[in-house]
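Step one of this worksheet: look at the structure below.
2 protein chains.
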Amino acid sequence: MAIDKVVLLVGGVGGAKLAYGLKELLPPEKLTIIVNTADDFWLYGLRICPDLDTITYTLGERVNKKMGWGIANDTQQMLGALAELGEDTWFRLGDIDLATHLLRTKMLRDGATLTEVTERIRDALDVQHEILPMSNDPVATVVETAEHGRLDFQDYFVRYRWQPQVQALHYTGADEAKIPPRVREALSAADAIIVGPSNPWLSIAPILSLPGMRNCIKERDVPRVAVSPIVDGTAIKGPTAKIMHELGVPQRAQSVADYYGDLINAFAYDEQDAPLTVDGLRTQPFQTVMRSDRDKMVLAERLVRWIETLVD
Amino acid sequence: MAIDKVVLLVGGVGGAKLAYGLKELLPPEKLTIIVNTADDFWLYGLRICPDLDTITYTLGERVNKKMGWGIANDTQQMLGALAELGEDTWFRLGDIDLATHLLRTKMLRDGATLTEVTERIRDALDVQHEILPMSNDPVATVVETAEHGRLDFQDYFVRYRWQPQVQALHYTGADEAKIPPRVREALSAADAIIVGPSNPWLSIAPILSLPGMRNCIKERDVPRVAVSPIVDGTAIKGPTAKIMHELGVPQRAQSVADYYGDLINAFAYDEQDAPLTVDGLRTQPFQTVMRSDRDKMVLAERLVRWIETLVD
């Protein structure tokens with residue numbers, strides 16, 4: 133059966149690849165992307181939303197493809213000047229990228245919601261597919277580390293390049309954060325919900341930590357598919373496998389399925405892994421490694437075709 | 133008699149030229165520059181201090197000499213991106229210049245005073261001469277205009293390019309603003325106080341509007357010299373003559389002397405003007421038009437030599 137509305141849950145770079153593939157496959161009215169905002173932070177008085185920007189820039193064909201984030205051919209004049217002023221410029225801010233942060237900060241200070249800001253920016257960048265922040269309320273991932281104690285997420289991820297050993301993760305503010313109406317609507321209208329190949333603990337868990345979010349998803353009697361970010365026991369990019377090890381979770385795709393539990397009813401894993409069967413889950417191997425835009429489109433298409441068979 | 137300590141009061145571009153000449157003439161311990169901050173404003177969550185930056189960039193040999201403000205060879209990548217996001221980019225912000233605003237905003241939000249911020253920035257830019265904001269408390273020039281009613285200063289000055297007709301000027305916040313200790317100290321220790329060739333109504337009046345400031349200056353029994361910004365009935369640059377006309381003040385150098393009144397006891401005017409005598413004032417013609425760095429140094433040197441004769 134053809135699928136009319138897909139909702140994708142993602143974090144940043146890894147999820148953006150699948151988002152790109154789905155955007156090429158599906159018209160705007162058939163795809164809504166819900167994005168983690170627990171990496172968001174304040175820097176020099178600017179509100180930075182790394183995952184929202186990565187998704188928006190990727191869909192808007194502006195992203196620096198080599199990095200997977202930031203703007204292609206951006207300059208760093210401001211950052212160089214800031215270093216000359218004696219600042220520790222550990223977080224890369226391109227000059228073009230800065231415009232996004234300045235506009236967002238201005239709009240937020242003027243009372244706009246992050247949902248409204250995100251829509252304004254994607255409209256301006258000609259991104260037609262809907263991108264929704266998971267919440268308009270601040271949620272912040274805090275990483276408890278062996279070496280440095282509690283670290284704000286960007287300190288852990290960027291400043292220390294995810295090298296500290298993770299002991300625990302907290303999503304501060306989540307208890308009071310609300311699910312925006314459009315996110316609820318998109319989930320209730322979805323014919324399929326896809327959890328992108330993002331880091332389950334760093335990118336997806338904050339979304340699921342919002343009160344009511346797990347239920348909004350679980351109660352939907354539609355394919356609820358997670359795509360494994362673990363391939364052959366390791367992660368394509370970033371700290372997923374490392375964190376699993378540190379949290380005492382076996383570094384294999386099945387651990388991701390186990391982690392999501394009854395949130396999902398189907399699981400897509402990589403064809404390099406051994407055949408995977410999990411009670412209560414439909415499973416299917418795919419080539420999940422996306423090196424080229426073609427890889428992204430092929431995975432998106434195969435995934436959607438498979439999901440269609442699940443509702444037949 | 134040789135002069136040991138000079139204090140210069142200035143606004144932006146015009147005053148920066150004399151500041152540059154004096155900086156070339158006098159060692160750092162002999163010159164303190166007190167700068168108008170009533171043009172300061174918030175833009176995109178950033179605290180912008182146009183006059184402080186113009187003075188700092190000029191003394192640090194970074195200024196865009198063609199404009200008289202901003203950074204030489206700066207780029208406008210951020211501003212171009214902001215325009216693409218649909219914003220009205222009426223205020224020019226260079227990419228390198230942005231670093232100053234970001235650092236300042238961060239420091240202010242972290243509790244630093246504007247005096248501390250200004251010192252940090254000039255240190256980083258190797259400016260040795262002391263630059264002091266007139267106050268650490270916010271004062272904002274508001275321009276009452278015939279066409280648009282009350283305008284914030286930058287709206288009047290930059291957005292509308294000082295074309296609206298000025299009916300009155302207000303320096304909001306001045307009543308509660310305090311004179312920083314270093315400004316008081318510099319004025320009490322000065323052997324000469326020079327009011328730069330800045331716009332008396334827009335740049336110098338806000339400084340004088342601080343409670344106690346006129347007295348801090350007047351009570352000093354030292355040369356207190358204003359340099360006329362009016363040459364041959366007009367202004368070298370900017371709206372000084374236009375504002376005089378709109379406020380019903382005759383457009384000539386003597387009106388500037390009259391405006392300052394007993395604040396000053398000496399007055400330097402341009403040699404193109406008719407010989408000027410004002411009761412109670414020592415007056416002297418100079419070549420006040422500063423087109424080259426050499427002009428600035430020559431005026432600074434002649435001015436200081438003349439001031440030395442006043443205390444003989």
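Protein chains in written order, with our numbering: chain Z, 133 to 444; chain W, 133 to 444.
The beta carbon of each residue, even a glycine, is placed where N, CA and C say it ideally should be.
About 6 Å separates the CB atoms of residue 290(Z) and residue 223(Z); that is less than 8 Å, so the two are in contact. Between residue 306(W) and residue 338(W) the beta-carbon gap is near 7 Å, inside 8 Å, which marks them as a contact.
Using a C-beta cut-off of 8 Å, the segment 427–437 of chain W makes contact with the segment 153–160 of chain W, since at least three inter-stretch Cβ pairs fall below that distance.
In terms of Cβ geometry, residue 319(Z) and residue 142(Z) do not form a close pair [threshold 8 Å].
Restricting attention to 251(Z), 270(Z) and 371(Z), the CA atom closest to the CA of residue 329(Z) is found in 371(Z). Identification of residues in the segment 175–193 of chain W having a C-beta nearer than 9 Å to some C-beta of chain Z yields 175, 176, 177, 178 and 179, given in sequence order. Shown here, residue 435(Z) sits in a helix according to DSSP, grouped into three states. Contact residues of the segment 210–231 of chain Z toward chain W are 210, 213, 214, 216, 217, 218, 219, 227, 228, 230 and 231 (C-beta to C-beta distance below 7 Å).
Taking residue 149(Z) as the centre and dropping the five residues before and after it, the same chain places the C-beta of 422 and 428 closer than 6 Å to its C-beta, in chain order.
In terms of Cβ geometry, residue 172(Z) and residue 335(Z) do not form a close pair [threshold 8 Å].
By DSSP's assignment, residue 381(Z) forms no beta bridge with any residue. Here residue 209(W) carries a helix assignment [DSSP, helix/strand/coil]. Look at the segment 250–261 of chain W: the residues with a C-beta under 9 Å from a C-beta of chain Z are 252, 253, 255, 256 and 257. Legend: CB atoms of the segment 150–172 of chain Z lying less than 8 Å from CB atoms of chain W are not found in any residue. Runs of the alpha helix (DSSP H) spanning 4 or more residues and lying entirely within the segment 145–173 of chain W occur at 145–157, in chain order. Per DSSP, reduced to three states, the secondary structure at residue 227(W) is helical.
Going by C-alpha positions, residue 231(W) is about 27 Å away from residue 245(Z). For residue 413(W), no alpha helix (DSSP H) run applies, since DSSP gives it neither H nor E.
Its chain contains 179, 246 and 249 as the residues whose beta carbon lies nearer than 8 Å to that of residue 240(Z), once the 5 sequence neighbours on both sides are disregarded; these appear in chain order. By the CB criterion at 8 Å, residue 215(Z) and residue 221(Z) fall inside the cutoff. In chain order, 176 and 177 make up the part of chain W whose C-beta sits under 7 Å from the C-beta of residue 237(Z). Among the CB atoms of chain W, none fall inside 8 Å of the CB of residue 334(Z). Among the bridge pairs identified by DSSP, residue 284(Z) is matched with 274(Z).
In terms of Cβ geometry, residue 303(Z) and residue 151(Z) do not form a close pair [threshold 8 Å]. Per the Cβ contact rule, the segment 253–271 of chain Z is in contact with the segment 307–314 of chain Z (3 or more Cβ pairs under 8 Å). In the structure shown, residue 219(Z) adopts coil according to DSSP, grouped into three states. The beta carbon of residue 410(W) sits closer than 8 Å to the beta carbons of 386, 389, 390 and 399 from its chain, once the five residues preceding and following it are set aside; these are given in chain order.
Collapsing the DSSP output to three states places residue 402(Z) in a strand. Taken through DSSP and simplified to helix, strand or coil, residue 356(W) comes out as strand. Close partners of residue 234(W) in chain Z (Cβ separation under 8 Å): 176, 177, 178, 210 and 214.
The three-state reading of DSSP puts residue 430(Z) in helix, counting H, G and I together.
Straight-line spacing of the CA atoms in residue 204(Z) and residue 418(Z) works out to 29 Å.
If you look at residue 179(W), you'll find it in the beta strand (DSSP E) that goes 178–180. Under the DSSP assignment, residue 251(W) falls in the alpha helix (DSSP H) whose first and last residues are 246–256. The C-beta separation of residue 395(Z) from residue 414(Z) comes to about 14 Å, leaving the pair out of contact by the 8 Å criterion.
Cα atoms of residue 347(Z) and residue 282(W): separation of roughly 53 Å, rounded to the nearest angstrom.
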